[in-house]
Structure formats: structure tokens, C-alpha cells
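Enquirer: Please find one structure pasted underneath; my questions will follow.
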Amino acid sequence: MVVVEVPVIEAHGLRKQYGDFVAVDDVSFSVNEGEVFGFLGPNGAGKTTLMKMIQCVSPKTGGKLEVFGMDVDTHPREIKKLMGVVPQDSNLDPDFSVYANLMVYSRYFNIPHADAKAMTEELLDFVQLKEKKDTIIEYLSGGMKRRLVLARGLINKPRLIILDEPTIGLDPQARHLIWDKLKSLRAQGITVVLTTHYLDEASQLCDRLVIMNQSKILVEGKPDDLIKKYIGTDIVEVEENPAAIKCLEREGTKYEVVRGMIQIYTNHPREMTAALLSNCDLGKITARSATLEDVFLKLTGRKLRE
Ligand SMILES: Nc1ncnc2c1ncn2[C@@H]1O[C@H](COP(=O)(O)OP(=O)(O)O)[C@@H](O)[C@H]1O
Ligand SMILES: [Mg+2]
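Below you can see the structure in the form of C-alpha cells.
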């Protein structure tokens with residue numbers, strides 16, 4: 124028997140236009156079952172717009188988009204049943220307790236009361252909010268709110284969860300807690316799709332990711348592969364100065380000048396640094412691991428956070 128694996132999400136030439144403005148422009152990708160797939164990009168890249176189309180809450184204006192093999196235009200109800208959502212804005216009901224927020228949400232899925240109660244207890248345990256069960260939303264920390272929204276997104280036992288900036292504005296400790304939860308979901312075989320503009324988050328969590336900029340996907344791949352393909356493992360850096368450039372030219376060493384720094388991409392930082400120190404008078408020289416930020420900078424000439 125041949126098992127044909129259907130991607131959990133498949134987009135082809137996907138587009139979203141608001142009037143004349145194209146927010147998502149001819150985007151194609153597919154997300155496989157059980158992977159953590161990331162959409163990395165600066166503010167305004169089109170990530171949220173894309174997530175909303177996948178969530179069937181904002182209709183596409185062109186191209187193809189299927190979730191669990193179903194068209195988002197024709198089968199939104201069926202898709203929504205199988206999917207959990209963590210929106211960019213936490214949108215919890217401020218007047219209700221932690222517990223009530225989950226119970227109220229369970230009604231959207233017509234989950235029987237007894238099941239909803241059991242599920243709510245289980246999820247509060249999972250996101251470590253048991254002691255906050257009766258607390259009003261207003262008195263939760265940012266990290267607690269984010270964890271509660273994650274729990275809420277899991278109430279219908281989704282096979283796919285979509286998280287839009289799950290850790291935005293959280294301190295490192297709170298972010299790590301969310302990361303742990305996402306890793307545990309992935310271990311349970313749940314497909315995780317997330318957006319982020321945090322590079323370390325994307326590198327740590329994502330099996331595969333795309334980098335978006337100005338409504339388009341620039342590149343797609345595994346984080347390490349992208350770094351190796353576009354940069355190399357490391358970057359040797361020297362402050363820009365004419366003597367250094369002259370020497371690099373003479374040595375035939377390839378370099379880029381990025382924001383006042385001469386950068387040499389390499390897989391052999393020690394050898395490169397040693398050779399440069401003995402052949403050129405460069406002043407202060409540093410070597411560091413290449414990151415996705417370097418990939419973005421190389422592709423766009425801009426930093427991701429701008
Ligand atoms: N409802 C809307 N009407 C018009 N423009 C919008 C709307 N929603 C988003 N946009 C624009 O689309 C672009 C992408 O926004 P968004 O998807 O929120 O980006 P990101 O989530 O990557 O920060 C932005 O320029 C934004 O202003
Ligand atoms: Mg967004």
C-alpha cells in the first residue's frame with residue numbers, strides 16, 4: 124500500500140490584498156504533519172495576515188490554500204474544528220477568571236460540560252496555572268496570560284495549533300516556559316505553526332521556517348541549513364577601515380561590508396582569524412557564530428528588528 128502524506132497546510136501562489144495594498148504576495152509553502160514550522164519576519168511582513176487566512180477568519184484574495192486537505196473557502200467549519208489558535212493579541216475576557224475563560228471558550232466547540240471541566244483541569248495543569256484557577260485575568264502576568272491563551276487554543280484537542288507571536292513582550296524566563304510547552308506539544312505529534320520576530324526563538328524551536336519580508340517569502344528551509352547556505356557557520360568581523368579592505372583585496376579574501384563592519388563568512392573561523400592576523404593589520408578582530416539575522420541582513424540589507 125502506498126501511503127500518500129497530505130501536508131497539514133498547503134499554500135500555492137497565496138495572496139491577500141487590502142484595497143490596492145498587497146499584504147501577502149504570491150506565497151507558497153507546505154507544512155507537514157508533526158513539524159514545528161515558523162514564519163519569521165519583521166513587523167509588517169504579512170505574518171498575521173497569513174495566519175488569519177489559515178485560521179479561516181480572513182478570506183484570501185488569490186491562490187490556493189488548503190488545511191488538512193480542505194479548501195479554506197469551502198470548508199472553514201471543518202478546518203476550525205481541527206485547529207487551535209493563539210492570536211497575537213491575547214483577547215481573554217478580562218472580567219472572568221482563568222477557569223471561566225476556558226469553560227466559556229469550550230462552548231464554541233459544543234464540548235459537553237463534563238468533558239470541558241476535565242479538559243480545563245488538565246490544561247491548567249499543563250500550562251502551570253492551577254493555582255491561578257480563580258484569578259481574574261487582570262491580575263495575571265503577561266507570561267501567564269500567554270500560557271492561558273495557549274491552553275485555550277488546546278481545548279478542542281487540535282491536531283494543529285497556530286500561534287501568532289506566542290512570546291511577544293515576555294521576559295526570558297516566561298518565553299522559555301512557553302518554548303517548553305511547544306516542545307511538549309510537538310512530542311505529542313501536534314503540528315505547530317508559529318510566527319515570531321525573535322531569531323533565537325525561530326532557531327531553537329522550528330524544524331523548518333520561512334523568512335518573510337514585505338509580503339513575500341524570501342527563503343525556506345531548516346534554520347541551520349539556511350545559515351550554512353547563505354553565510355557559513357561563522358562570521359569574522361573587523362571594523363571597516365581602508366587598510367583592512369586593501370589587505371583583504373590583496374589576499375583575495377571575500378568580504379562584505381555591513382553597517383560599518385567588514386564581515387568575512389567562513390566555515391573555518393580559527394584558521395581565517397589566524398591568517399588575517401598574520402597577513403593583515405586589522406586591529407580588533409572577532410569571530411562569532413552566524414545567525415538567521417545575518418541571513419536576513421544579507422538578503423535584505425536590513426536588520427530584522429527595524
Ligand atoms: N485590515 C487591514 N487593512 C489594511 N491593511 C492591513 C490590514 N491588516 C494588515 N494590514 C497591513 O498589512 C501589512 C502586514 O501586516 P501584518 O500581517 O499584521 O504583518 P506582521 O504580522 O508580519 O507584522 C501591514 O502593512 C499592515 O498595515
Ligand atoms: Mg503580526
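Just so you know, we're using my numbering here: the sequence shown kicks off at 124 and counts up by one.
Beta carbons: idealized from backbone N, C-alpha and C, even for Gly.
1) May I ask you to report which of helix, strand or coil DSSP gives Ser181?
2) Is there a Cβ from chain B that is less than 7 Å from the Cβ of Lys139?
3) Verify the contact flag: Lys170, CB atom, against every heavy atom of ligand 1, threshold strictly below 6 Å.
4) Contact between the region 133–141 and the region 288–302: three or more CB pairs below 8 Å?
5) Using a 10 Å radius around the Cβ and a threshold of 16 neighbouring Cβ atoms, would you call Ala366 buried or exposed?
6) Which residues in the same chain as Lys204 place their Cβ atom closer than 8 Å to its Cβ, once the five residues preceding and following it in sequence are excluded?
7) Would you check whether ligand 2 has a heavy atom nearer than 6 Å to the C-beta of Gln296?
8) Are the beta-carbon atoms belonging to Gly164 and Asn336 less than 7 Å from one another?
9) Could you tell me whether the region 146–153 touches the region 295–312, using the rule of 3 or more Cβ pairs below 8 Å?
10) Give me, in chain order, the residues of the same chain whose beta-carbon lies closer than 6 Å to that of Leu283; leave out the 5 immediate sequence neighbours on both sides.
11) State the start and end residues of the unbroken beta strand (DSSP E) segment that holds Thr396.
12) When every heavy atom of ligand 2 is checked, does at least one fall within less than 6 Å of the C-beta of Gln327?
13) Taking the straight line between their C-alpha atoms, what separation do you get for Arg428 and Leu137?
14) Can you grab the Cα-Cα spacing for the pair Tyr378 / Lys183, in whole Å?
15) Tell me the DSSP secondary structure of Thr171 in three-state form.
16) Of the residues Gln311, Ile285 and Val333, which one's Cα is nearest the Cα of Gln211?
17) For Val154, I'd like the list of residues in its chain whose CB is within less than 7 Å of its CB, leaving aside the five on either flank, ordered along the chain.
18) Hey, which unbroken runs of the alpha helix (DSSP H) at 4 residues or more fall wholly within the region 200–261?
19) Give me, in chain order, the residues of the same chain whose beta-carbon lies closer than 6 Å to that of Leu371; leave out the 5 immediate sequence neighbours on both sides.
20) Taking C-beta to C-beta, are Val333 and Glu343 nearer than 7 Å?
21) Going by CA-CA distance only, name the one from Gly424, Asp238, Lys426 and Val221 that's closest to Arg270.
22) CB Gly265 to CB Leu246, shorter than 7 Å?
23) Can you give the beta carbon distance from Ala413 to Thr356, rounded, assuming they're within the 8 Å contact cut?
24) According to DSSP, is Tyr141 helix, strand or coil?
25) Between Lys446 and Ile260, what straight-line distance do the alpha-carbon atoms span, to the nearest angstrom?
26) Here's the rule: buried if 16 or more other CB atoms are within 10 angstroms of the residue's CB, otherwise exposed. What is Asp417?
27) Which residue or residues does DSSP assign as beta-bridge partners of Val154?
Expert: Judging by the given coordinates:
1) Indexing the sequence shown from 1 puts residue 181 at position 58. In the structure shown, Ser181 sits in coil (DSSP, three-state: anything other than H, G, I, E or B).
2) Included in the structure is just one protein chain, with no chain B present.
3) Here residue 170 refers to the residue found at position 47 of the sequence shown. Yes, ligand 1 has a heavy atom inside 6 Å of this Cβ.
4) no
5) As a first step, residue 366 must be located in the sequence shown, where it is residue number 243. Looking at its Cβ environment, which holds fewer than 16 other Cβ atoms inside 10 Å, Ala366 is exposed.
6) By one-based count along the sequence shown, residue 204 stands at place 81. Closer than 8 Å at the Cβ level, and outside the excluded window around Lys204, lie Phe232 and Asn279.
7) Reading the sequence shown from its first residue, position 173 is the one you call residue 296. No, ligand 2 has no heavy atom inside 6 Å of this Cβ.
8) By one-based count along the sequence shown, residue 164 stands at place 41. By one-based count along the sequence shown, residue 336 stands at place 213. It is a contact, given that the beta carbons lie within the stated cut-off.
9) no
10) Here residue 283 refers to the residue found at position 160 of the sequence shown. Cβ within range, chain order: Val131, Met206 and Thr314.
11) If you number the sequence shown from 1, residue 396 lands on position 273. Premise fails: Thr396 lies in the alpha helix (DSSP H), Pro392 to Asn402, not in any beta strand (DSSP E).
12) In the sequence shown, the residue the question calls residue 327 occupies position 204. No; taking the cut-off as 6 Å, the Cβ of Gln327 has no heavy atom of ligand 2 nearer than that.
13) In the sequence shown, the residue the question calls residue 428 occupies position 305. In the sequence shown, the residue the question calls residue 137 occupies position 14. Cα to Cα, the separation comes out at about 25 Å.
14) Looking up residue 378 in the sequence shown gives position 255. Looking up residue 183 in the sequence shown gives position 60. Taking the straight line from one Cα to the other gives about 42 Å.
15) Indexing the sequence shown from 1 puts residue 171 at position 48. Three-state result, Thr171: helix.
16) Here residue 211 refers to the residue found at position 88 when the sequence shown is read from its first residue. The shortest Cα separation from Gln211 among Gln311, Ile285 and Val333 belongs to Ile285.
17) The residue you call residue 154 lines up with position 31 of the sequence shown. Pro130, Val131, Ile132, Phe160, Thr314 and Val316, listed in sequence order.
18) 221–229 and 236–249
19) Indexing the sequence shown from 1 puts residue 371 at position 248. The residues are Tyr378.
20) Taking the sequence shown and counting its residues from 1, one reaches residue 333 at position 210. Taking the sequence shown and counting its residues from 1, one reaches residue 343 at position 220. In this structure, Glu343 lies closer than 7 Å to Val333 by Cβ.
21) Counting from one through the sequence shown, the residue named residue 270 turns up at place 147. Ranking Gly424, Asp238, Lys426 and Val221 by Cα distance to Arg270 puts Val221 first.
22) On the sequence shown, residue 265 is found 142 positions in, with the first residue counted as 1. On the sequence shown, residue 246 is found 123 positions in, with the first residue counted as 1. No, these two residues do not count as a Cβ contact at 7 Å.
23) Residue 413 sits at position 290 when you count from the first residue of the sequence shown. Residue 356 sits at position 233 when you count from the first residue of the sequence shown. Yes, Ala413 and Thr356 are in contact; Cβ-Cβ is about 6 Å, under 8 Å.
24) As a position in the sequence shown, residue 141 is number 18, starting the count at 1. It is a strand residue.
25) Outside the displayed range of the chain (124 to 429) lies residue 446, so it cannot be described from this structure.
26) Locating residue 417 in the sequence shown gives position 294, counting from the first residue. Buried.
27) Locating residue 154 in the sequence shown gives position 31, counting from the first residue. Paired residue(s): Ile132.
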